[in-house]
Amino acid sequence: MCGQFGRPKLAIQRTMLKAMIAHDGVPSHTALWLIAYIWLLRLPSEALPMCVCASEPARGVYQAAVWREGDNICVLLRSRKNLQGGSGVLRRACCCEGSPLMCPVHILWDKFLANVPSGTKPWLNVSAAQVLKWIRGALLALTVCVWIGALNFPVSFLANRYQTQVPMARIR
Ligand SMILES: [Zn+2]
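Heads up: the sequence shown begins at 12 in my numbering, then just goes up one per residue.
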């Protein structure tokens with residue numbers, strides 16, 4: 012897909028994201044996609060520096076922070092375009108009833124962030140370029156899966172093969 016000026020535009024739709032989450036076996040990848048999607052974060056400046064906290068941090072300490080508060084998962088951003096004082100606390104509750112794969116509480120928190128020690132930035136050493144690679148790998152693998160009619164194949168398996176430059180013919 013290309014934008015107005017012919018530059019490739021990577022817009023992951025909800026259905027595609029669900030498929031990526033369902034078939035990618037790497038929790039840190041799916042957690043990053045989810046957190047960026049649920050809070051509409053900018054990847055390099057808001058999602059990648061995200062710090063996991065035990066409770067609400069003081070304003071301005073972290074560029075981006077996430078913590079659990081009762082039944083909510085909360086995000087706080089130090090600065091956000093057009094919001095000089097930062098984002099305020101952005102809360103999200105369980106959405107298992109409509110969208111169990113994308114639940115901020117039971118997937119994002121329980122399956123990944125709960126295992127990250129507080130004060131840690133799980134994606135600190137990941138570059139935006141690396142994330143694009145993960146996404147492209149997952150998308151390619153999904154496409155290949157649809158193509159060979161094997162959607163129960165783990166995407167990470169095929170994505171790993173893709174990243175090690177295995178020719179398409181051999182993936183098949
Ligand atoms: Zn839930």
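No residue lacks a Cβ here, since even glycine has one placed at the ideal position from N, Cα and C.
| Check | Outcome |
| --- | --- |
| So which of Val77, Arg70, Cys106 has the shortest CA-CA distance to Ser10? | Outside the displayed span of the chain (12 to 183) sits residue 10, for which this structure offers no information. |
| Please report the straight-line C-alpha distance between Val5 and Leu101, rounded to a whole angstrom. | Since the displayed the chain opens at 12 and closes at 183, residue 5 lies outside it and no answer follows. |
| In the DSSP assignment, what residue or residues form a beta bridge with Leu51? | None, per the DSSP bridge assignment. |
| Taking a contact to mean a Cβ-Cβ separation below 8 Å, would you say Trp134 touches Ala76 in this structure? | no |
| Check for me: the beta strand (DSSP E) holding Leu87 runs from which residue to which? | 83-88 |
| Assuming Leu153 and His34 are in contact, meaning their beta carbons sit under 8 Å apart, how far apart are those beta carbons, in whole angstroms? | 6 Å |
| Is any heavy atom of ligand 1 found at a distance shorter than 7 Å from the C-beta of Val127? | no |
| Quick one, which of Ala104, Leu151, Gln141 has its alpha-carbon nearest Trp50's? | Ala104 |
| Please return the same chain residues whose Cβ sits closer than 7 Å to the Cβ of Val142, not counting the five positions on each side in sequence. | Leu43, Leu54 |
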